[in-house]
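Here's the structure, in structure tokens; my notes come after.
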Amino acid sequence: MNIILFGPPGAGKGTQASALCEAYSVPQVATGDIFRAHLKNNTELGQLARGYMNNGQLVPDEVVWKLVESRLSEPDCAGGVLLDGFPRTVNQAELMLGWFKSTGRELNRVLALIVPDEELVVRLAGRRTCLDCQATYHVQNNPPAVEGVCDRCGSTRVVQREDDSEETVRLRIATYHRETSPVLAFFKEQGLASEVEGLGEISDVAARLRQALQG
């Protein structure tokens, strides 16, 4: 089973990706992990990507794809894979589909979690983090027993991270829509994409994702 999973920040994509990987016995592949591995190991592709990054340039789609292709060609991906948030551009999507066809493999489904933007803002902007032990809370759904005091370590440094400010959250959501919309439109044209309701209990969302894969 070869799956692509998209979801905006705050949609619970990480949780659902882990559940799908377990259900279908496939590895989770994310471009961030691939980049870090190649940069750390100073591979030829890593050096190429670093050159663009050090010059403040975006890494070209062809290089990004080569990095992803190197991961998909590893033995643990032979039986299938879950691609987490990749591809980011239509060009990357075309390169990937060409590779699937040339290798005789099939991209089974592209899944996109759909959650209203305002719900995402509530989820993310309400998060609080303990600076000392990294425990996480939510002002509505999971507050500490004493406001501003960490249940785990007793620290009073329970704060809203800069990444979780409402302004930053809205920017992140807007960026996701701007980047993902054309890619999803491309996969819809191929008859591969399914939008899945992301509200509700984790188990209910997981069931809807599995149903979309079977349908």
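All the letters of the sequence shown, read from the start, carry residue numbers 247 to 461 under the numbering used here. Think of the CB as a built atom: it goes at the ideal place given N, C-alpha and C, for glycine as much as any other residue. The model shown is predicted, which means the values in this text are computed figures rather than measured ones.
Between A269 and L251, the C-beta gap is not smaller than 8 Å, which leaves the two residues out of contact. Bounds of any beta strand (DSSP E) do not take in D409, whose DSSP letter is neither H nor E. By the Cβ-count criterion, V275 is buried, with 16 or more other Cβ atoms from all chains shown falling within 10 Å of its own Cβ. The shortest C-alpha to C-alpha distance from V314 to any of I360, D279, N288, K259 is the one to D279. With a cut-off of 8 Å on Cβ pairs, the stretch 438-447 is in contact with the stretch 348-363, counting three or more such pairs. Non-local beta-carbon contacts of V395 in its own chain, meaning distances under 8 Å to residues more than five positions away in sequence, involve S401, T402, V404 in chain order. With fewer than 16 other Cβ atoms inside 10 Å of its own Cβ, H423 counts as exposed.
Sixteen is the threshold: since fewer than 16 other Cβ atoms of the shown chains lie within 10 Å of the Cβ of I448, the residue is exposed. A direct Cα-Cα distance of roughly 9 Å separates F433 from S440.
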